[in-house]
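Here the structure is laid out as structure tokens; the discussion comes afterwards.
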Amino acid sequence: MALSLPDLPYAKDALEPYVSAKTLEFHHDKHHNAYVQNANKMLEGTDLANADLETIVKKTYGDQSKTGLFNNAAQVWNHTFLWNSMKPNGGGMPTGEIAGMIERDFGNYQKFVEEFKNAGATQFGSGWAWLVLKDGKLQVTKTPNADTPIAHGEKPLLTVDVWEHAYYLDYQNRRPDYLTTFVEKLINWDFVNQNLKK
Ligand code: MN
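For the working numbering, add 91 to where a residue sits in the sequence shown, where the first one is 1.
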């Protein structure tokens, strides 16, 4: 059961002008696809060849002999999660259950925005910023490279990719502008609420 590249949940130009069709074409069809292909090559003939993606990520985490497989499999998982973390006409104030939880755990929405943008902006080099649920409480975290909350017993609710390939064509070196746009125009709060129920 090889891993496969999931379709984007919207058209390539659906997030314009905030994320261009060109960025999604490279990011999904080239980068995400390369992680799928690489992971499948490394899985061939191993005892994880028939495992599901989450199991592969959790079982290879911290295993020095399987770093390459972890990196590629975790990136497959992270990117699928990323596509769903965005939607056309998204962003702005949270709705549903998450709205009250943000008030409870951050004090207010602005404080969450500040922490989330700061996590993305201060992740040195490549990585991810996250909103996760840990021990029943919301937390903003960041992970380097392919690292992912599912390897750390946290429940991911939302992510933003801060690898340069995620924003460079549209924002060049202006990662903070990309993060502001992500928060104001792209966050899929429906997806966040669905993740809370899992
Ligand atoms: Mn990426």
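In this text, a Cβ means the ideal position worked out from N, Cα and C, and glycines have one as well.
Backbone CA spacing between residue i and residue j [nearest angstrom]
i	j	result
I193	T137	42 Å
W254	G211	10 Å
N284	G187	7 Å
T239	K225	13 Å
K149	E116	29 Å
T250	T158	22 Å
P247	V204	17 Å
Q51	Y269	Outside the displayed range of the chain (92 to 289) lies residue 51, so it cannot be described from this structure.
V231	F172	16 Å
DSSP-derived helix/strand/coil call for residue i
i	result
T114	helix
L277	helix
R143	The sequence given here has Asp at residue 143, not Arg. In this structure, D143 counts as coil in the three-state DSSP scheme.
L270	helix
A125	helix
A220	strand
T234	strand
K202	helix
L287	helix
M177	strand
L160	helix
K103	coil
Classification of residue i by the beta-carbon crowding that lies within 10 angstroms, buried from 16 upward
i	result
S176	buried
F197	buried
M184	exposed
P267	exposed
Same chain only: Cβ atoms within 6 Å of residue i, ignoring 5 sequence neighbours per side
i	result
V127	L94, L96 and V167
L229	M192 and D196
Q214	K233 and V253
W174	L99 and P100
Y152	F161 and A242
Own chain partners of residue i with C-beta closer than 7 Å, once the 5 adjacent residues on each side are dropped
i	result
L144	L94, A164, V167 and W168
H118	H256 and A257
Residues near residue i in its chain [Cβ-Cβ closer than 8 Å; skip 5 each side]
i	result
G218	K233, T234, P235, N236, D238, V253 and W254
Whole runs of the alpha helix (DSSP H) within the stretch 237 to 261, excluding any shorter than 4 residues = none
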